[in-house]
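Residue numbers (the numbering used here), protein chains in the order written: chain A, 1 to 313; chain B, 1001 to 1335.
Note that beta-carbon positions come from the ideal geometry of N, C-alpha and C, so glycine has one too.
Owing to the predicted nature of the structure, the values given are computational and were not obtained by experimental measurement.
Here you go:
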């Protein structure tokens, strides 16, 4: 047990913080219970998927600034398609669209040799434009079952369906990758690209694969966005900063090679619960946005300072 | 100079273009204007459509007028890109300064309003500078974050002043919309501003420090440059320029909104990149960025004529940035 704790000190600390925050919430609002938990899990859905995607590319040593735009593209595509055709094929199309967008991002980075941050900044605007082209103003409709899939609880009251969707979605994609050669390559490329290349890792292909996985997670994020609102919204939401902050808070080092997906996902819930607490304290929602933004910037600043200190050592 | 002979002609041509980006850019600008004239005869040369005048001074004036705020924001990008940074908060800072100025002018009068607007920009610049210079956060993430916080602050502020009404200072409106001898009055601000930036980059120690930090930060630090001071000054300067551009834009649009200058952000990056400023630092020219801003405005007119939807325009700007950067990487062989 103590070995487990030492090995996963950061994640355990985050989990403890999460529990503390839940208790604080309960103290502020004694009626906080299963339904409150359910609404937090539901609101966390798009953030969790954006963060999962961001975490994968940060682990490979890159960063993807276009996550929010890709989610917007997937959300509007889902809303447009589901208005016209059956749900399951539409779902498949949206998922493959996300995968394709991620592949394009990764391929551009590898082929043009332009740094990740520049390519994905440019693609941020390309995907944003694409979303506007697909649907000029919010509209479309989503299938009812999609909304039912994330609303309410599963089996018993304390287990929100949204939480189950997050866990299943991420586990189905990430665990097989983590256990195979690709996962090892992703971590190797992230910790030292040159050493990985010399050890025979196909660095370029690994990067492209990581960005493709990010795209796939963004597609899930876009789908959950569409399911949450019931329509497609072409303007990207605040998911970029939130996902970077959650990734850093979750113990993934900017620069790559370290960390997993569990930490960032817990971090997402921590950031969401902080928002809930602020709302319960009757803080003006606009002020909440400022506080949240400040927390995110502070987290990124602290994370960068910590990783710099680690690099100097 | 025997080493030069080993380079391929393409590399040498690339180096020539890199050193003098202004020449091909001007050629490109005139080609674009010619293409525009072909698309819509008479828009640039009224004489071909049977009206008076060889060159439409109205059209040229309009082109310059709308290129000025863009070129000013491009200055922020050029300066920060010299140190391999970028300032993504300029759109929000310009919006904040315009909004603060317009709302406070109605309450306190013009001079304090302008002062507070600049102070707000100064605050954002200081936070950016501390984050980039001292904590060493990547400028892109840092300025994106401060931009988000500033937007939040603007929304809170808007609810406080919602009843006060707005007032556009007369001199800003005069600068933004007035014309003297066919040319927009904005040039009265912009020409000294551009000369100042060109002087700053070329003839001052600060400019040289920017180039030095962007070319090789490690070497610059070993030579005794206190990098964080330079970054702090740089990001403060960038925010102040953005605020100035926002005030000018306010006079031009004569309306306030919570996203007034935000759409100018991406074109400002594009203008700097087109103008030959490397996003990787150490290389850039403001003259090129000004021509880049003019090119983007002509392109914008063209896309409007072709009735291109908003989304296609956004996507196109993104592709331009990517293509030009990839081209630079390919030609110069550096990252």
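- Assignment of alpha helix (DSSP H) within the segment 45–91 of chain A, counting only whole runs of 4 or more residues, yields 67–84 in chain order.
- In this structure residue 1289 (chain B) is in contact with residue 1075 (chain B), their Cβ atoms being roughly 7 Å apart against a cut-off of 8 Å.
- Nearest in C-alpha terms to residue 259 (chain A), of all of A:90, A:54, A:144, is A:54.
- Beyond the five residues adjoining it in sequence on each side, residue 1213 (chain B) comes within less than 7 Å, by CB distance, of 1083, 1220, 1225, 1227, 1230 in the same chain, given in chain order.
- Excluding sequence positions up to five before and after residue 57 (chain A), its CB lies within less than 7 Å of the CB of 63, 64, 210, 211, 214, all in the same chain and listed in chain order.
- The C-beta separation of residue 297 (chain A) from residue 1146 (chain B) comes to about 7 Å, placing the pair in contact by the 8 Å criterion.
- Secondary structure of residue 1180 (chain B) (DSSP, three-state): strand.
- When secondary structure is reduced to three states using DSSP, residue 153 (chain A) falls in the strand class.
- Nearest Cα to residue 26 (chain A) within the set A:132, A:15, A:287, A:280: A:280.
- It is roughly 10 Å from the alpha-carbon of residue 1319 (chain B) to the alpha-carbon of residue 1312 (chain B).
- Of all residues in the segment 231–242 of chain A, only 234, 238, 240, 241 place a beta-carbon less than 9 Å from a beta-carbon of chain B.
- Among the residues facing chain B, residue 38 (chain A) is not included, as its CB has no counterpart in that chain under 9 Å away.
- Only exposed fits residue 181 (chain A), as fewer than 16 other CB atoms lie within 10 angstroms of its CB.
- With contacts defined as CB atoms closer than 9 Å, residue 41 (chain A) and residue 237 (chain A) fail to qualify as a contacting pair.
- Taking C-beta atoms as the reference points, residue 1090 (chain B) and residue 1264 (chain B) count as a pair closer than 9 Å.
- Rounded to the nearest whole angstrom, the C-alpha separation of residue 1030 (chain B) and residue 1317 (chain B) is 20 Å.
- Residues are counted here when their Cβ sits less than 9 Å from a Cβ of chain A; for the segment 1300–1320 of chain B these are 1309, 1310, 1311, 1312, 1313, 1314, 1315, 1316, 1317, 1318, 1319, 1320, given in chain order.
- Contact between residue 60 (chain A) and residue 77 (chain A) does not hold, since the beta-carbon distance rounds to 26 Å and is not under 8 Å.
- Under the 10 Å beta carbon count, residue 136 (chain A) is surrounded by fewer than 16 other beta carbons and is classified as exposed.
- Taken in chain order, no unbroken stretch of beta strand (DSSP E) lies wholly in the segment 1055–1143 of chain B with a span of 3 residues or more.
- The continuous stretches of alpha helix (DSSP H) do not include residue 1043 (chain B), and DSSP gives it neither H nor E.
- Measuring C-alpha to C-alpha distances from residue 48 (chain A) to each of A:269, A:303, A:252, A:273 identifies A:269 as the nearest.
- Sorting B:1201, B:1232, B:1192 by C-alpha distance to the C-alpha of residue 1283 (chain B) places B:1201 at the top.
- Taking a 10 Å sphere around the C-beta of residue 1124 (chain B), we find 16 or more other C-beta atoms and assign the residue as buried.
- A distance below 6 Å between beta-carbons, with the five flanking residues on each side excluded, links residue 251 (chain A) to the following residues of its chain, in chain order: 10, 259, 263.
- When Cβ-Cβ separations below 9 Å define contact, residue 1138 (chain B) makes contact with chain A.
- Rounded to the nearest whole angstrom, the C-alpha separation of residue 1132 (chain B) and residue 1208 (chain B) is 19 Å.
- Residue environment: residue 168 (chain A) is assigned as exposed (fewer than 16 neighbouring CB atoms within 10 Å of its CB, all protein chains considered).
- Scanning its chain for C-beta atoms nearer than 6 Å, with the 5 sequence neighbours on each side dropped, one finds around residue 103 (chain A) the residues 212, in chain order.
- In this chain, the alpha helix (DSSP H) harbouring residue 248 (chain A) covers 239–249.
- For residue 176 (chain A), not one C-beta of chain B is nearer than 9 Å to its own C-beta.
- Distance from the Cα of residue 1106 (chain B) is smallest, within the candidate group B:1307, B:1142, B:1167, for B:1167.
- Nearest CB-CB separation between residue 1153 (chain B) and chain A: below the 9 Å threshold.
- Judged by beta-carbon spacing, residue 1128 (chain B) lies within the 9 Å limit of residue 1238 (chain B), meaning their Cβ atoms are closer than that value.
- Leaving aside the five residues that flank residue 1092 (chain B) on each side, the residues in its chain whose CB is nearer than 6 Å to its CB run, in chain order, 1147, 1150, 1151.
- Cβ atoms of residue 1291 (chain B) and residue 301 (chain A) stay farther apart than 8 Å, at about 37 Å.
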